[in-house]
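A.B. asks: After the C-alpha cells below, expect a handful of questions from me.
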Amino acid sequence: MASNDKKKISISQFSSPIGTIITGALPEGVVFLEFLSEDNPDAQWERLKKKFDGEFTEDKNKHLENLKEQLALYFEGKLKKFDIPVIFFGTEFQKKVWNELLSIDYGKTRSYGEQARAIGKPKAARAIGGAVGDNPISIVVPCHRVIGSDGSLTGFGGGIPRKIFMLDLEKKYS
Numbered sequence: 004m005a006s007n008d009k010k011k012i013s014i015s016q017f018s019s020p021i022g023t024i025i026t027g028a029l030p031e032g033v034v035f036l037e038f039l040s041e042d043n044p045d046a047q048w049e050r051l052k053k054k055f056d057g058e059f060t061e062d063k064n065k066h067l068e069n070l071k072e073q074l075a076l077y078f079e080g081k082l083k084k085f086d087i088p089v090i091f092f093g094t095e096f097q098k099k100v101w102n103e104l105l106s107i108d109y110g111k112t113r114s115y116g117e118q119a120r121a122i123g124k125p126k127a128a129r130a131i132g133g134a135v136g137d138n139p140i141s142i143v144v145p146c147h148r149v150i151g152s153d154g155s156l157t158g159f160g161g162g163i164p165r166k167i168f169m170l171d172l173e174k175k176y177s
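One point on numbering: in this note's numbering, the residue at position 42 of the sequence shown is 45, and numbering is uninterrupted.
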C-alpha cells in the first residue's frame, strides 16, 4: 500500500480516573483504545501507526466523541454496556475471541478456560490468553473481565491495578 493510500485514523487522547486514554477510529468504528505509556509514548504511537498501517489525524470522529462520553459514564458507574461500533484488525481466531469478550456481562468475570469453551475450543485456554492480551480495544471489549481459573487476576495490558479498579467499579455498580 503506497503511503498516500494509508487509512486515515482519527485519534484522541483524554484523561480517565486510571490514566490517560488514547483512542483511534476510522469512519466505520473504533480500532484501538489503550492507556498512554508513561515511559515511552512516542514509541507507542509509532507502534500503533505501524500496526494499523495508518496515517493518524486529529480530525473529528463521531465514534471517538461518543466513546469519550460513554467512558465518562462508565467510570461514574452509569454505563454497563458500550454502544460503539468496533473494527477488529487481527486473525480470525483473535476476532472470534474478541467478539466473545463482548458477551461477558458487566460485573461478571470469566476464566480463560471458560472463554475457550465459549468459542468452541475447550483446550485452547493458553491461545485464548494470547488473543485476550492482544485485544486492541481495551475497556469497550472487556478483556479485564477475564481471570485465571483459580480466580487470580492475571495479566492486563493496562496493568493489574487498572484491572482491579475496573472490576471493583463494576462490582460496586452491578
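Even glycine gets a Cβ: it sits at the ideal position worked out from N, Cα and C.
If you reduce the DSSP assignment to three classes, tell me which class Ile122 lands in.
C.D. replies: Sequence index remark: in the sequence shown, residue 122 carries index 119 (1-based). Note: Ile122 maps to coil in three-state DSSP.
A.B. asks: Return the first residue and the last residue of the beta strand (DSSP E) that Ile24 is part of.
C.D. replies: Here residue 24 is taken as the residue at index 21 of the sequence shown, counted from 1. Element bounds for Ile24: 22-29.
A.B. asks: Which class does Met4 belong to by DSSP, given the choice of helix, strand or coil?
C.D. replies: Locating residue 4 in the sequence shown gives position 1, where the first residue counts as 1. Confidence in Met4 is poor, its pLDDT being 45 and thus under 50, which makes the residue's placement too unreliable to answer from.
A.B. asks: Starting from Lys174 and walking both ways along the alpha helix (DSSP H), at which residues does that stretch end?
C.D. replies: Position 171 of the sequence shown, counted from the start, is the residue given in the question as residue 174. Where Lys174 is concerned, the enclosing alpha helix (DSSP H) stretches over 163-176.
A.B. asks: Would Thr94 be called buried (16 or more neighbouring beta carbons within 10 Å of its own) or exposed?
C.D. replies: Residue numbering aside, residue 94 sits at position 91 when the sequence shown is read from its first letter. When all chains shown are included, Thr94 counts as exposed.
A.B. asks: Which residue or residues does DSSP assign as beta-bridge partners of Lys10?
C.D. replies: Numbered from 1 along the sequence shown, position 7 holds the residue referred to as residue 10. DSSP lists Gly57 as partners of Lys10.
A.B. asks: Considering only C-alpha positions, which residue in the set Ile122, Thr23, Leu74, Glu72 is nearest to Phe96?
C.D. replies: For the purposes of this step, residue 96 is taken as residue 93 along the sequence shown, with counting starting at 1. Among Ile122, Thr23, Leu74, Glu72, the Cα nearest to that of Phe96 belongs to Ile122.
A.B. asks: Tell me where the alpha helix (DSSP H) around Val100 begins and ends.
C.D. replies: Along the sequence shown, read from residue 1 onward, the residue named residue 100 stands at position 97. It spans 95-104 - the alpha helix (DSSP H) in which Val100 sits, taken as one unbroken run.
A.B. asks: Quick one: what does DSSP say Val34 is sitting in, helix, strand or coil?
C.D. replies: Here residue 34 refers to the residue found at position 31 when the sequence shown is read from its first residue. Strand at Val34.
A.B. asks: Report the option in Asn102, Gln47, Phe85 whose CA atom is closest to the CA atom of Phe91.
C.D. replies: For the purposes of this step, residue 91 is taken as the residue at position 88 of the sequence shown. Out of Asn102, Gln47, Phe85, Asn102 has the C-alpha closest to the C-alpha of Phe91.
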